[in-house]
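Residue numbers (the working numbering): 30 to 200. Okay, structure first, notes after.
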């Protein structure tokens, strides 16, 4: 037990000496709450996002909730994490959602002047997420790219920044 404590203390002191790779500014701009509409596989939905810094600000967490406009019982939720990488402008991520643990994925992408792009690999396709921020407007598009590289629209959302229901999100 004593060795484990000493090993952890040595690791913690080395880890503390390195500056964490924070999410690029393009990702940090998402902080706050957003509401909007969109479509998933041509099905109209409403969507709400809550985005906040986590892990002492090293990561950004996105909680997304959507509901099909034609059926309030048709609901979906996702919890996304975004961080930076060792290279400037690199975006790393983790996707988890209401389909459960077998549908989680890690992602890799890059920041752009108007937002960022990140792709998640699944067994049947790569899902490319494009986030575009223009002031108080947010566009989020998801494309499914098959193994041959052909892209098909999967989801598209248009959101506006709104006040968070409980006030500013705390870190």
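Cβ atoms here follow ideal geometry from the backbone N, Cα and C, with glycine treated the same way. Because the structure is a prediction, the values reported are computed rather than measured.
Margin query: For the pair the stretch 176-195 and the stretch 61-78, tell me if three or more CB-CB distances fall below 8 Å.
Written below: yes
How about residue 78 and residue 172: do their beta carbons lie closer than 8 Å? no
*Please classify residue 109: is it buried, with 16 or more other beta-carbons within 10 angstroms of its beta-carbon, or exposed?*
buried
Between which residues of its own chain and residue 151 is the CB-CB distance below 7 Å, once the five residues before and five after are set aside?
Closer than 7 Å at the Cβ level, and outside the excluded window around residue 151, lie 134.
Practice prompt. Return the first residue and the last residue of the alpha helix (DSSP H) that residue 54 is part of.
Written response: 54-57
* Asked: Starting from residue 72 and walking both ways along the beta strand (DSSP E), at which residues does that stretch end?
  -> 72-83
Through-space distance from residue 53 to residue 99, alpha-carbon basis
37 Å
_Please return the same chain residues whose Cβ sits closer than 6 Å to the Cβ of residue 158, not counting the five positions on each side in sequence._
147, 171
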